[in-house]
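Comments concern the structure below.
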Ligand SMILES: C[S@@+](CC[C@H](N)C(=O)[O-])C[C@H]1O[C@@H](n2cnc3c(N)ncnc32)[C@H](O)[C@@H]1O
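Numbering (my numbering), first residue to last: 4 to 310.
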C-alpha cells in the first residue's frame with residue numbers, strides 16, 4: 004500500500020527557468036519539484052547513476068540545493084554530450100547552430116545525413132541535433148548499434164538561440180563542481196558514501212532487455228535489489244523512481260519489503276492513451292525513499308502523527 008500521507012518540504016524551484024539542453028524521452032523534469040521536496044534542504048553531493056538528461060541535478064543546481072554533482076550514464080555518447088555541454092558550451096552551441104542552419108530547406112534529407120555521420124563518428128553535436136529532431140526525443144538503436152529513430156518532420160529542433168541559452172545555462176550551473184562518468188551504476192554506487200544523496204531512475208522495467216537497450220548492460224531486478232541492500236548496510240541516503248501505474252494497471256515489479264523503503268506515488272498526469280480511449284486514468288510514478296532518508300527528513304514521525 005503506498006504511503007501518500009507524507010508531507011514534503013516546500014521547494015521553490017523556478018521550474019520554467021531550468022535550462023534543459025538535452026531533449027530526452029523519460030526525463031523527470033516535470034517531476035523534479037516533487038522529487039526534490041523529499042530531499043534534504045542542503046545536499047553535499049547529489050549523485051545520479053542513471054542520469055539521462057540529469058533533470059534532478061539541474062533542478063537542484065537551479066535552487067542551490069546541492070554543492071556538488073556526479074552525473075553518470077552507461078550510454079557513452081550521452082555522457083560525451085554532457086562533457087561538451089559542461090566544459091565547451093560555446094563550441095557545442097556553434098556546431099549545433101551550423102547543423103541547424105545547414106538543414107534549412109532540406110530538413111528530411113539532412114536528418115539522414117547527420118544520422119549516418121553520428122553512426123560513424125559519435126560526434127556530440129550530431130547526437131544533440133538528432134535528439135532535438137527525432138520522434139519523441141527517444142534514443143533508439145538497431146541490432147548493430149546504429150541510431151535508427153526517425154525524424155519528427157513537424158519540428159526543426161530547438162533554434163540555435165534557444166539551444167545556446169540552454170547549453171550555456173546548464174554549463175553555468177554544473178561547471179567546476181560536477182563529476183561526469185560513463186560507468187555501470189553498480190560501480191558508481193561503490194564510490195558513494197553516506198554523505199551523498201543518490202537519486203536513481205533506472206530504465207523502465209518494461210523496456211529492460213528489449214532490442215532498443217541491447218547496447219547497455221541490463222538492469223536485472225534481483226541484482227538491483229541486492230545493490231540497494233548494500234546501500235542500506237552503508238546507511239546511504241537514496242531515492243528510486245521505479246515504474247508506477249496508470250489507473251489500476253501497475254507497471255513493473257515493486258521493490259521488496261525487506262528493503263524497508265517508503266513507497267510514495269507522484270501524480271505524473273493523465274495518460275494520453277487512456278484519454279484517447281475515453282477513459283479517465285491518471286498516471287502515478289513510484290518513488291521509494293531509503294530508510295536513512297526517511298529518518299533524516301523526519302518523515303517517519305510525520306507519517307506516524309497522521310495515523
Ligand atoms: C529512465 S532514464 C533516466 C532519465 C533521467 N532521470 C532524466 O531525467 O532524464 C535511464 C537511464 O539509465 C541509463 N542506463 C541504463 N542501464 C544503465 C546501467 N547499467 N548503468 C548506468 N546507466 C544505465 C540509460 O542510458 C538511461 O539514460
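Where is the CB? At the ideal position from N, CA and C, for every residue including glycine.
The beta carbon of residue 246 sits no closer than 6 Å to any heavy atom of ligand 1.
Judged by DSSP secondary structure, residue 71 falls outside any alpha helix (DSSP H) and instead within the beta strand (DSSP E) spanning 69 to 75. If only uninterrupted alpha helix (DSSP H) runs of at least 4 residues are considered, those enclosed by the stretch 87 to 124 are 92 to 105, 110 to 124. When C-alpha distances from residue 55 are compared across 48, 29, 41, the shortest belongs to 29. Burial check for residue 94: the Cβ neighbour count within 10 Å stays below 16, so the residue is exposed. Rounded to whole angstroms, the separation of the alpha carbons of residue 256 and residue 224 is 8 Å.
Boundaries of the alpha helix (DSSP H) around residue 128: 127 to 136.
Counting only residues of its own chain and dropping the five nearest sequence neighbours on each side, residue 199 has a CB closer than 6 Å to the CB of 48, 50. Annotation note: the stretch 158 to 185 contains the following uninterrupted alpha helix (DSSP H) runs of length 4 or greater, listed N- to C-terminal: 163 to 177. Of the candidates 137, 180, 148, the residue whose Cα lies closest to the Cα of residue 161 is 137. Around the beta carbon of residue 272, fewer than 16 other beta carbons lie within 10 angstroms, which makes this residue exposed. Contact check for residue 292 against residue 41 passes: the beta carbons are separated by less than 7 Å.
Comparing alpha-carbon positions, the option among 290, 221, 260 lying closest to residue 247 turns out to be 290. With contact defined as three or more Cβ pairs closer than 8 Å, the stretch 58 to 71 and the stretch 83 to 97 are not in contact. Taking all protein chains in view, the Cβ of residue 172 is crowded by 16 or more other Cβ atoms within 10 Å, so the residue is classified as buried.
Using a 10 angstroms sphere on the CB of residue 288, the tally of other CB atoms reaches 16 or more, which defines it as buried.
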